[in-house]
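Here's the structure, in structure tokens; my notes come after.
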Amino acid sequence: MSKRKLTRKQKWRIEKVQQERISRAQKREQLIEQELQDDNLGSEQQGLIIAHYGATLDIEPLGQPGSVRRCHLRSNLPPLVTGDRVVWRQSQKDETGVVVALEDRLSLLTRPDNHGRIKPVAANINYIVLVIAPVPMPHTNLIDRYLVAAETVGIEPVLLLNKIDLLDEEGMELLDDLLSVYEDIGYQVLRASTRSEDGLAPLKALLDEHVSVFVGQSGVGKSSLVNSLLPGVDTRVGDLSESTGKGMHTTTAAKLFHFPAGGMLIDSPGIREFGLWHIDAQSVLEGFREFRPYLGYCRFRDCKHEKEPGCALKQALEEGEILEERMFSYKQILDSLDA
Ligand code: GDP
Ligand code: ZN
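Sequential numbering from 6 applies to the sequence shown in my numbering.
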């Protein structure tokens with residue numbers, strides 16, 4: 006009996022919190038609409054979202070890096086993310102503003118949430134820089150997993166081998182062999198060291214005039230790279246607490262930074278874990294870039310590309326158009342999905 010009473014009380018409390026949240030949101034919306042009506046806002050201008058905190062976001066007026074405006078957004082907008090280009094209007098009274106429109110996106114980095122729904126994470130990214138290193142030694146399979154994830158969101162991946170200072174001639178040859186597989190497929194590969202600073206110039210040239218994210222397994226040197234490319238900038242992305250019906254819940258915001266040498270970085274702990282998010286079997290198949298010309302040409306429509314006669318992938322493999330390593334890796338990733 007006491008259990009039931011407690012449940013009713015909990016239910017009441019949850020409803021109350023939700024009600025409060027809705028009324029807060031409505032109030033906010035009314036204020037925004039009022040400001041728009043009162044014409045308290047300046048003319049429309051272009052901006053770039055550099056951070057996003059639930060109900061508000063930080064905008065940089067286009068072409069004014071370093072200048073930040075805290076903005077509210079109109080309720081008719083789709084979910085906005087860091088990297089989005091928007092149209093906004095500045096308040097006449099203070100440094101705040103209102104976002105009124107979203108401009109077309111060049112690309113969208115997404116991730117599935119716990120309920121399998123696709124959530125936008127960051128927009129207009131040109132390169133997913135996949136950082137690897139001699140230590141921790143990259144497993145081909147893991148590299149392919151990251152590449153599949155990048156192909157799935159349709160953003161160009163670039164491989165960056167960091168810590169080349171640790172490699173002797175033999176070690177370099179070994180990694181060159183591994184990387185040549187990817188160069189042959191058409192991926193761009195860079196080699197660098199944050200320690201010796203070798204290879205940083207070509208990396209800076211790549212990043213210039215583009216928006217990039219760094220991804221890769223822990224320990225490969227992502228933080229070191231960010232620190233050497235953004236000297237003196239505190240890139241630790243703050244954990245933001247947002248109150249929800251269940252109490253305090255921490256969300257982690259993606260932030261945009263300008264490299265002094267040109268180009269931009271979008272970073273967050275979540276983004277660095279990109280590639281390890283859930284993926285479905287069809288995306289894995291299509292995520293192997295060099296398989297694509299053969300997809301749809303197998304004799305059987307439901308070909309599993311195993312032992313079926315007339316398999317176009319198997320034929321491409323036999324003719325050397327597809328490498329054994331990659332086919333093996335494809336099967337491994339597929340098997341790991343079932344597990
Ligand atoms: P993250 O987990 O990917 O962010 O990796 P960190 O930036 O924290 O680096 C992991 C370790 O690798 C640290 O001990 C770094 O000092 C080291 N490290 C980073 N870059 C280099 C490099 O170019 N050469 C060497 N030898 N060590 C590096
Ligand atoms: Zn087949």
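Glycine included, C-beta positions come from ideal geometry on N, C-alpha and C.
**Request:** Give a single yes or no on whether glutamate 295 has its beta carbon closer than 7 Å to a heavy atom of ligand 2.
**Result:** The residue labelled residue 295 in the question sits at position 290 within the sequence shown. No, the beta carbon of glutamate 295 sits no closer than 7 Å to any heavy atom of ligand 2.
**Prompt:** Does the Cβ-Cβ distance between tryptophan 282 and alanine 106 come in under 8 Å?
**Reply:** Position 277 of the sequence shown holds residue 282. Position 101 of the sequence shown holds residue 106. No.
**7 Å CB neighbourhood of leucine 171 in its chain, flanking five on each side removed** = Counting from one through the sequence shown, the residue named residue 171 turns up at place 166. Pro139 and Val140, listed in sequence order.
**Request:** Specify the secondary structure class of alanine 154 as computed by DSSP and reduced to three states.
**Result:** If you number the sequence shown from 1, residue 154 lands on position 149. For alanine 154, the three-state secondary structure derived from DSSP is helix.
**Cβ contact check for the segment 94-112 and the segment 45-57: 3 or more pairs under 8 Å** = Under the three-pair Cβ rule at 8 Å, the segment 94-112 counts as touching the segment 45-57.
**Asked** Taking the alpha-carbon positions, what's the glutamine 69 to leucine 261 distance?
**Response** Within the sequence shown, residue 69 is the residue found at index 64, counting from 1. Within the sequence shown, residue 261 is the residue found at index 256, counting from 1. For glutamine 69 and leucine 261, the distance between alpha carbons rounds to 13 Å.
**Asked** Between alanine 128 and ligand 2, is the CB less than 7 Å from at least one heavy atom?
**Response** In the sequence shown, residue 128 corresponds to position 123, counting from 1. Not so, every heavy atom of ligand 2 lies at least 7 Å from the Cβ.
**Prompt:** Candidates Leu82, Gly204 and Arg116: which alpha carbon is nearest isoleucine 276's?
**Reply:** Here the question's residue 276 lines up with position 271 in the sequence shown. Looking from the CA of isoleucine 276, the closest CA among Leu82, Gly204 and Arg116 belongs to Arg116.
**Message:** For ligand 2, is there any heavy atom lying closer than 7 Å to the beta carbon of alanine 138?
**Reply:** Translated into the one-based positions of the sequence shown, residue 138 becomes position 133. False, no ligand heavy atom lies under 7 Å from that Cβ.
**Message:** In this structure, how does DSSP classify threonine 249 when only helix, strand and coil are distinguished?
**Reply:** The count along the sequence shown starts at 1 and reaches residue 249 at position 244. Residue confidence for threonine 249 is low, a pLDDT of 41 falling below 50, so the modelled location carries little weight and cannot support an answer.
**Message:** Less than 8 Å between the C-beta atoms of isoleucine 37 and arginine 74, yes or no?
**Reply:** In the sequence shown, counting from the first residue as 1, residue 37 sits at position 32. In the sequence shown, counting from the first residue as 1, residue 74 sits at position 69. Not closer than 8 Å, so no.
**Message:** In this structure, how does DSSP classify alanine 106 when only helix, strand and coil are distinguished?
**Reply:** In the sequence shown, counting from the first residue as 1, residue 106 sits at position 101. Here alanine 106 sits in strand by DSSP.
**Message:** Just checking leucine 113 against ligand 2 - is the residue's beta carbon closer than 7 Å to any of the ligand's heavy atoms?
**Reply:** On the sequence shown, position 108 is the one that residue 113 refers to. Short note on leucine 113: C-beta not closer than 7 Å to any heavy atom of ligand 2.
**Asked** Which residues in the same chain as glycine 224 place their Cβ atom closer than 8 Å to its Cβ, once the five residues preceding and following it in sequence are excluded?
**Response** Counting from one through the sequence shown, the residue named residue 224 turns up at place 219. Cβ neighbours of glycine 224 beyond the five flanking positions: Ala138, Val140 and Pro141.
**Prompt:** For lysine 14, which of helix, strand or coil comes out of DSSP?
**Reply:** For the purposes of this step, residue 14 is taken as the residue at position 9 of the sequence shown. If DSSP states are grouped into helix, strand and coil, lysine 14 belongs with the helices.
**Request:** Decide if isoleucine 27 is buried, meaning its Cβ has at least 16 other Cβ atoms within 10 Å, or exposed.
**Result:** As a first step, residue 27 must be located in the sequence shown, where it is residue number 22. Answer is exposed; the Cβ neighbour count stays below 16.
**Item:** Residue range of the alpha helix (DSSP H) that includes methionine 142
**Value:** Taking the sequence shown and counting its residues from 1, the one referred to as residue 142 is at position 137. Annotation for methionine 142: no alpha helix (DSSP H) segment contains it, and DSSP assigns it neither H nor E.
**Item:** Chain-order list of residues whose beta-carbon lies under 7 Å from that of arginine 297 (same chain, five-residue window excluded)
**Value:** The residue you call residue 297 lines up with position 292 of the sequence shown. Correct list, in chain order: Glu291.
**Request:** Report whether the distance from the Cβ of lysine 319 to the nearest heavy atom of ligand 2 is below 7 Å.
**Result:** For the purposes of this step, residue 319 is identified with residue 314 of the sequence shown, where counting begins at 1. Flag set: Cβ of lysine 319 near ligand 2.
**Prompt:** Leaving out five residues before and five after serine 229 in sequence, what residues of the same chain have Cβ atoms less than 6 Å from its Cβ?
**Reply:** Residue mapping note: residue 229 aligns to position 224 of the sequence shown, counting from 1. Excluding the 5 residues flanking it on each side, serine 229 has same chain C-beta neighbours closer than 6 Å at Thr199, in chain order.
**When Asp63, Ala266, Lys168 and Leu135 are compared against leucine 209, the one with the closest alpha-carbon** = As a first step, residue 209 must be located in the sequence shown, where it is residue number 204. Contrary to the premise, residue 209 reads as lysine rather than leucine in this sequence. Nearest option by C-alpha distance: Ala266.
**Prompt:** Does DSSP put glycine 275 in a helix, a strand or coil?
**Reply:** The residue you call residue 275 lines up with position 270 of the sequence shown. Helix, per DSSP.
**Message:** Just to check my reading of the structure: valine 91 and valine 103 have Cβ atoms closer than 8 Å, yes? What is that Cβ distance to the nearest angstrom?
**Reply:** Taking the sequence shown and counting its residues from 1, one reaches residue 91 at position 86. Taking the sequence shown and counting its residues from 1, one reaches residue 103 at position 98. Taking C-beta atoms under 8 Å as the contact rule, valine 91 and valine 103 fail to qualify, at a distance of about 10 Å.
**Message:** Any heavy atom of ligand 2 closer than 7 Å to the beta-carbon of glutamate 313?
**Reply:** Within the sequence shown, numbered from 1, the residue matching residue 313 stands at position 308. At least one heavy atom of ligand 2 is nearer than 7 Å to the Cβ of glutamate 313, so yes.
**Request:** Specify the secondary structure class of histidine 254 as computed by DSSP and reduced to three states.
**Result:** Here the question's residue 254 lines up with position 249 in the sequence shown. Low per-residue confidence applies at histidine 254: pLDDT is 39, beneath 50, and the placement is therefore not dependable, though the value from the model is reported in the following sentence. If DSSP states are grouped into helix, strand and coil, histidine 254 belongs with the strands.
**Item:** Beta carbon of leucine 300 nearer than 8 Å to that of serine 217
**Value:** As a position in the sequence shown, residue 300 is number 295, starting the count at 1. As a position in the sequence shown, residue 217 is number 212, starting the count at 1. No.
**Request:** Please report the residue range of the alpha helix (DSSP H) in which isoleucine 327 lies.
**Result:** Start at 1 with the first residue of the sequence shown, and residue 327 comes out as number 322. From DSSP, isoleucine 327 is part of no alpha helix (DSSP H); its letter is neither H nor E.
**Assigned secondary structure, lysine 319 (DSSP; H/G/I helix, E/B strand, else coil)** = Taking the first residue of the sequence shown as 1, we reach residue 319 at position 314. Helix, per DSSP.
**Request:** Indicate the three-state DSSP secondary structure (helix, strand or coil) for glutamate 100 in the structure shown.
**Result:** Stepping through the sequence shown from its first residue, residue 100 is reached at position 95. In this structure, glutamate 100 counts as coil in the three-state DSSP scheme.
**Request:** Within 10 angstroms of the Cβ of proline 83, are there 16 or more other Cβ atoms? Answer buried if so, exposed if not.
**Result:** Within the sequence shown, residue 83 is the residue found at index 78, counting from 1. Exposed, since its Cβ has fewer than 16 Cβ neighbours within 10 Å.
**Prompt:** What do you get for isoleucine 123, buried or exposed, if any count of 16 or more other CB atoms within 10 angstroms of its CB means buried?
**Reply:** For the purposes of this step, residue 123 is identified with residue 118 of the sequence shown, where counting begins at 1. With fewer than 16 other Cβ atoms within 10 Å, it is exposed.
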